[in-house]
Amino acid sequence: MTAWILRRVLQAVLVVWLMTLIVFVGLHAIGNPIDILIGQDVDQIDRARIIAQLGLDQPLWRQYLSFIAGALHGELGNSYVYNVPAIQLILQRLPATLELAFAALILAVFIGIPLGLFAGLYPRNPISKLLMTGSIVGFSLPTFWVGLMLIMFFSVHLGVLPASGRGETARLFGVE
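The C-terminal residue of the sequence shown carries number 176 in UniProt numbering, and the numbering is unbroken.
Structural data, given as structure tokens:
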């Protein structure tokens, strides 16, 4: 059991490392990030200063190692859009993310598992066949389309949920 857990942990570390590498190289492959950040109206002296300040004058491998070292210390850099530490934005939005995750977990445990057990125990039952068909159709539909249809149903037709957003993200289950 310990060997299995150790192997899974090592696989997870490998996957996270490969994903960070792919995203990091991919972001640099689409073009120079500085062109997006400062625009064309900045003179060459200011441009060179900003490039050096952000460390973009370093080789790509050194930039990556610097990013990994910072990430291991919880320093994910600054958001170029909001000009604040990225970890601050993540922590600010974490309550809304946890709320969605727990709601999905509760639905899966209290609705999905009992319905799955029923369908597995009584496979020839018409209700089981309907559940299995619904499950296959549900997995086959694109999630963005399902999301749009759910928004339209719950906000436009029923009017029980807002059409966009959920309000302040600093509250968890409505509690600060």
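Glycine included, C-beta positions come from ideal geometry on N, C-alpha and C.
With DSSP run on the structure shown, which of helix, strand or coil describes residue i?
i, result
"P85", "strand"
What's the C-alpha gap between residue i and residue j?
i, j, result
"Q58", "A96", "37 Å"
"T2", "L94", "32 Å"
"P162", "M152", "10 Å"
"L121", "G112", "14 Å"
"Q53", "V25", "20 Å"
"L91", "L100", "15 Å"
"I136", "W145", "16 Å"
"S155", "F102", "21 Å"
"I127", "L105", "24 Å"
"P142", "M149", "11 Å"
"M132", "A119", "7 Å"
Between the options, which has its C-alpha nearest residue i's C-alpha?
i, options, result
"W17", "V156, Y64 and L89", "Y64"
"N32", "L148, A48, T20 and F102", "A48"
"I22", "I68, I51, D43 and L10", "I68"
"Y29", "L60, L89 and V160", "Tyr is not the amino acid found at residue 29; the sequence shown has Ala there. It is L60 whose Cα lies nearest to the Cα of A29."
"L56", "L27, G165, P123 and G147", "L27"
*Do three or more CB pairs link the segment 62-79 to the segment 37-45 at distances below 8 Å?*
By the Cβ criterion, the segment 62-79 is not in contact with the segment 37-45, since fewer than three pairs of Cβ atoms, one from each stretch, lie closer than 8 Å.
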